[in-house]
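There are 2 protein chains.
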Amino acid sequence: MRGGAGVAQRHPDAAATPAGPTTGGLPDREAGAVLGQYLREEATAFLRALAPREGEPGRPQDDTAETGRQMRRSARRIAGTLHTFGSLTDPGWADPLRGELGWLTDTLGREHRYAARLGRLIGALQRLASAEDTAGVPAAPLPADDDLGLWLPVPAAPDPAAPPASLPEPVAAAAHAAGSRRSPAPPQAGERGGAGGGPLAVGAARAGALLERQLTLARTRAHSAALQAMGSSRFHAVVDAVAVLASEVPLSPAARKPAATVLPLLAEQAHARLTEAAAALPLTRARHPYNGETLHAALTGELPAERQDAAWNRVRVLLRLRRYTQEVLAYDDGESAARLAAAARVLEQHREAAEAAAAVTAAARTPRIAPATAYALGVLHADQRLEAEAARYAFAHLWTR
Amino acid sequence: MRGGAGVAQRHPDAAATPAGPTTGGLPDREAGAVLGQYLREEATAFLRALAPREGEPGRPQDDTAETGRQMRRSARRIAGTLHTFGSLTDPGWADPLRGELGWLTDTLGREHRYAARLGRLIGALQRLASAEDTAGVPAAPLPADDDLGLWLPVPAAPDPAAPPASLPEPVAAAAHAAGSRRSPAPPQAGERGGAGGGPLAVGAARAGALLERQLTLARTRAHSAALQAMGSSRFHAVVDAVAVLASEVPLSPAARKPAATVLPLLAEQAHARLTEAAAALPLTRARHPYNGETLHAALTGELPAERQDAAWNRVRVLLRLRRYTQEVLAYDDGESAARLAAAARVLEQHREAAEAAAAVTAAARTPRIAPATAYALGVLHADQRLEAEAARYAFAHLWTR
Chain A
1 MRGGAGVAQR HPDAAATPAG PTTGGLPDRE AGAVLGQYLR EEATAFLRAL
51 APREGEPGRP QDDTAETGRQ MRRSARRIAG TLHTFGSLTD PGWADPLRGE
101 LGWLTDTLGR EHRYAARLGR LIGALQRLAS AEDTAGVPAA PLPADDDLGL
151 WLPVPAAPDP AAPPASLPEP VAAAAHAAGS RRSPAPPQAG ERGGAGGGPL
201 AVGAARAGAL LERQLTLART RAHSAALQAM GSSRFHAVVD AVAVLASEVP
251 LSPAARKPAA TVLPLLAEQA HARLTEAAAA LPLTRARHPY NGETLHAALT
301 GELPAERQDA AWNRVRVLLR LRRYTQEVLA YDDGESAARL AAAARVLEQH
351 REAAEAAAAV TAAARTPRIA PATAYALGVL HADQRLEAEA ARYAFAHLWT
401 R
Chain B
1 MRGGAGVAQR HPDAAATPAG PTTGGLPDRE AGAVLGQYLR EEATAFLRAL
51 APREGEPGRP QDDTAETGRQ MRRSARRIAG TLHTFGSLTD PGWADPLRGE
101 LGWLTDTLGR EHRYAARLGR LIGALQRLAS AEDTAGVPAA PLPADDDLGL
151 WLPVPAAPDP AAPPASLPEP VAAAAHAAGS RRSPAPPQAG ERGGAGGGPL
201 AVGAARAGAL LERQLTLART RAHSAALQAM GSSRFHAVVD AVAVLASEVP
251 LSPAARKPAA TVLPLLAEQA HARLTEAAAA LPLTRARHPY NGETLHAALT
301 GELPAERQDA AWNRVRVLLR LRRYTQEVLA YDDGESAARL AAAARVLEQH
351 REAAEAAAAV TAAARTPRIA PATAYALGVL HADQRLEAEA ARYAFAHLWT
401 R
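So the protein sequences, as listed, match chains A and B.
Heads up: the first sequence begins at 1 in our numbering, then just goes up one per residue.
Heads up: the second sequence begins at 1 in our numbering, then just goes up one per residue.
Now the structure itself:
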């Protein structure tokens with residue numbers, strides 16, 4: 001995707017990098033030259049991703065999604081780098097471009113986001129409505145001479161408010177600990193759903209249909225909006241600005257200073273913003289499993305959840321900026337790139353789960369839905385908030401370890 | 001409650017016990033004598049708990065709950081001990097008594113269980129519907145010069161399927177990590193529930209009212225049933241049998257063997273049954289937080305969840321039996337009593353949460369409930385299944401550590 005020299009320079013093995021403590025392995029160049037090279041390469045990648053759409057009509061249809069992905073990828077990197085190293089570029093030019101790239105990334109990415117959200121929710125519904133007992137009860141049935149049942153007061157009790165408990169059946173070698181939380185179980189809903197299982201399974205199916213309808217509609221609209229955006233003069237203005245960037249980056253006078261002096265300082269500021277924002281997260285609480293934080297106030301509306309989520313989203317964005325500085329500086333600056341990447345993935349999961357939960361709540365506000373549908377949506381909402389909590393847990397353990 | 005000598009003998013400090021490896025600290029008595037002493041004491045405690053109900057009408061009303069609790073406590077111990085050390089007693093006499101004590105414990109305990117279940121669910125609903133942000137976002141609002149907002153693609157995006165995100169507000173010193181999952185937050189539902197919060201808060205309130213109605217009805221019925229049971233000839237027959245036990249325990253010939261020979265062996269068998277049942281639990285999976293096991297198949301009906309829960313309940317009962325053997329043997333047999341007690345508490349939490357979740361599902365089957373109510377019940381169901389999962393997690397860490 002990028003020039004061979006650039007790749008070799010930007011992704012060296014840590015062991016192969018002769019990184020001194022002061023120069024940090026940065027070449028003896030001007031800051032603007034290093035920054036400019038990165039921006040030019042990303043701008044070129046952006047334009048290259050755009051090109052086939054206009055110039056190669058023979059490409060398979062599937063490639064449009066990949067095209068959009070690559071464009072967004074480069075647009076995020078350009079915008080993020082202009083943010084972090086803003087003092088080295090002409091602000092009158094960089095700031096508007098940054099905003100326009102944000103608009104572009106959002107507009108082009110929305111269709112993908114709705115599709116991913118639908119896939120996530122349908123998968124979760126299948127897991128919640130799958131009758132297959134992946135959890136597994138490897139225990140043998142109670143032996144006949146072990147008449148605990150006589151003494152067991154609870155399961156044998158006829159309960160007017162709940163259906164009677166059933167004795168454990170021998171479950172044929174269901175591997176315990178099989179399958180992770182995310183693995184969608186095969187959709188066999190209702191197959192074994194004995195007394196009373198019917199309505200719940202119907203509710204799950206209807207909830208799935210409702211979500212599919214709403215999110216497919218949203219996705220279709222997002223698709224139209226993206227197509228419209230790509231035909232707009234606003235889009236072409238952004239492309240023109242990126243084309244300028246691909247040939248020459250408008251720099252400020254500060255960019256003439258040595259790279260080894262200026263760039264690590266700005267990267268350090270990005271790092272400080274990240275660590276400060278992450279330290280402000282309730283990580284101590286998040287480190288405790290099952291803290292119930294994400295479900296707290298789940299029934300009062302979006303507000304408390306969104307206020308929580310916003311702080312985590314901010315860290316997600318700052319983490320992304322931090323990773324781009326590593327790419328610009330082209331050396332391992334002491335922070336493990338693998339750790340940052342893992343943390344970014346986890347926070348991406350957090351965002352997706354939180355947004356999916358909000359979409360479920362929105363679906364539950366649809367007028368005239370059946371109670372069973374609403375019930376299934378309630379379970380699904382809690383499930384997705386729980387995924388968000390699991391992501392916070394994972395992040396807290398990654399970050400504070 | 002029991003004779004001073006008995007207490008001193010049965011609960012010695014571990015350090016003060018001159019426990020040899022063979023006698024295990026058991027006195028040089030017949031097995032039947034040691035077993036008989038324990039059973040006589042528990043039978044006496046049972047009768048003493050029953051006495052005030054008939055003999056002291058001047059006692060305050062609140063004491064009836066305590067009376068029932070003490071009766072159940074002794075009845076469980078007698079039945080459990082007759083189970084574990086059954087070979088030492090006359091089976092034609094012990095087995096029917098054990099069954100009758102199980103009936104009694106269940107009948108007398110049900111009112112208490114419904115009351116506890118209602119309290120648990122109302123507390124959970126308050127937590128889920130509390131607008132107070134106990135989670136806390138100690139982060140300051142985004143500084144004005146940090147215009148990440150321009151670049152943040154997601155929260156700023158107008159989303160047709162969800163209300164627009166709000167910026168994080170400064171939350172006044174909300175202590176992070178404050179409050180555990182269980183602490184019910186103050187009921188301030190709806191106070192801050194901004195756009196769209198209304199219907200959800202109403203749903204939570206209606207779900208609470210529905211559960212209160214159903215569980216209060218069940219509790220009232222259980223109360224009547226308990227009163228009726230205590231006036232029945234069946235109840236008086238149980239009391240008579242316990243009265244026999246308080247004076248003389250019908251033993252089998254095997255009870256004449258030395259206590260140090262027989263009792264540890266039977267206790268060891270109870271221990272083996274417990275460890276075997278616990279080892280058959282999916283503990284490896286339960287040790288992973290957020291494994292999603294308890295929510296799996298939540299929308300197919302009770303069956304898979306009950307099959308899972310039954311295995312855990314069986315361990316809960318075997319754990320109880322195991323603890324009673326420690327009381328009978330009156331010495332610390334190597335297994336930490338504190339650890340067993342902690343594990344028992346955790347499994348009791350598991351049972352309560354699982355039963356509460358089932359009660360929520362039953363409530364959701366009420367005809368003609370509003371969708372918002374059903375949605376709230378769905379969230380509440382998932383919340384309680386999650387409590388069950390948290391209990392499994394705690395047990396797995398207690399047990400396999």
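A virtual CB, placed ideally from N, CA and C, is assigned to each residue, including glycine.
If I follow the unbroken alpha helix (DSSP H) through TYR393(A), where does it start and stop? 371-399
Any C-beta of chain A sitting closer than 8 Å to the C-beta of ALA223(B)? One detail in the question is off: residue 223(B) reads as His in this sequence, not Ala. Chain A contact via Cβ: absent.
To which residues of the same chain is ALA298(A) closer than 8 Å at the C-beta, ignoring the five residues directly before and after it? ALA305, HIS381, ALA382, ARG385
ALA360(B) lies in the alpha helix (DSSP H); which residues open and close that run? At residue 360(B) the sequence reads Val, which differs from the Ala that was named. Unbroken alpha helix (DSSP H) run through VAL360(B): 337-364.
With a Cβ-Cβ cutoff of 8 Å, do HIS223(B) and GLU111(B) count as a contact? yes
With a CB to CB cut of under 8 Å and the five nearest residues on each side skipped, what residues in its chain are close to LEU88(B)? ALA31, GLY32, LEU35, LEU251, SER252, ALA254, ALA255, VAL262, LEU266
Could you spell out where the alpha helix (DSSP H) holding GLY99(B) opens and where it closes? 91-129
Look at ILE369(B) and LEU121(B) and say whether their C-beta atoms are less than 8 Å apart. no
Residue burial classification, SER247(B) (beta-carbon count within 10 angstroms, cutoff 16): exposed
My understanding is that LEU318(B) touches LEU340(B), with C-beta atoms under 8 Å, so please give their C-beta distance in whole angstroms. Incorrect: roughly 11 Å between the Cβ atoms, too far for contact.
Answer yes or no: does any C-beta atom of chain B fall closer than 8 Å to that of LEU121(A)? no
The region 385-395 of chain A / the region 361-376 of chain A touching (three or more Cβ pairs under 8 Å): no
Kindly list the residues whose CB is nearer than 7 Å to the CB of VAL346(B), restricted to its own chain and excluding five residues on each side of it in sequence; keep chain order. ALA391, ALA394, PHE395, LEU398
Counted within 10 angstroms of its Cβ, other Cβ atoms place LEU227(B) as buried (16 or more) or exposed: exposed
Where do the ends of the alpha helix (DSSP H) carrying HIS296(A) lie? First-last for HIS296(A): undefined, no H or E at that position.
Counting only beta-carbon atoms, is THR67(A) nearer than 8 Å to chain B? no
If you follow the alpha helix (DSSP H) that SER233(A) is in, where does it begin and where does it stop? 233-247
For a contact defined as C-beta to C-beta under 8 Å, what are the partners of GLU389(A) on chain B? TYR290
Tell me whether LEU263(A) sits in a helix, a strand or coil according to DSSP, three-state version. helix
From which residue to which residue does the alpha helix (DSSP H) around ARG285(B) run? 283-286
Tell me, which residues are paired with GLU30(B) by DSSP? PRO258(B)
Going by CA-CA distance only, name the one from THR366(A), PRO371(A), SER74(A) that's closest to VAL202(A). PRO371(A)
Meets three-Cβ-pair contact criterion under 8 Å: the region 206-220 of chain B and the region 357-368 of chain B: yes
So is LEU299(A) in contact with chain B if we call contact Cβ pairs under 8 Å? yes
For ALA342(B), tell me which candidate among ALA45(B), ARG323(B), ALA280(B), PRO289(B) has the shortest Cα-Cα distance. ARG323(B)
Determine, using beta carbons only, whether HIS381(A) comes closer than 8 Å to chain B. yes
Check whether LEU215(B) and ARG117(B) have beta carbons under 8 Å apart: yes
Could you round the C-beta distance between PRO289(B) and PRO289(A) to whole angstroms and report it? I think they count as a contact, below 8 Å. 3 Å
Which one of THR300(A), ALA270(A), SER74(A), LEU108(A) has the shortest CA to CA distance from MET230(A)? LEU108(A)
For LEU377(A), which residues in chain B fall below 7 Å Cβ to Cβ? TYR375, GLY378
Spell out whether any CB of chain B is found under 8 Å from the CB atom of LEU295(A). yes
Does GLY203(B) get closer than 8 Å to chain A when you measure Cβ to Cβ? yes
Residues bridged to LEU321(B) by DSSP? DSSP lists no partner for LEU321(B).
Beta carbon of VAL328(B), beta carbon of THR81(B): below 8 Å? yes
Opposing strand residues paired with LEU251(B) [DSSP bridges]: THR89(B)
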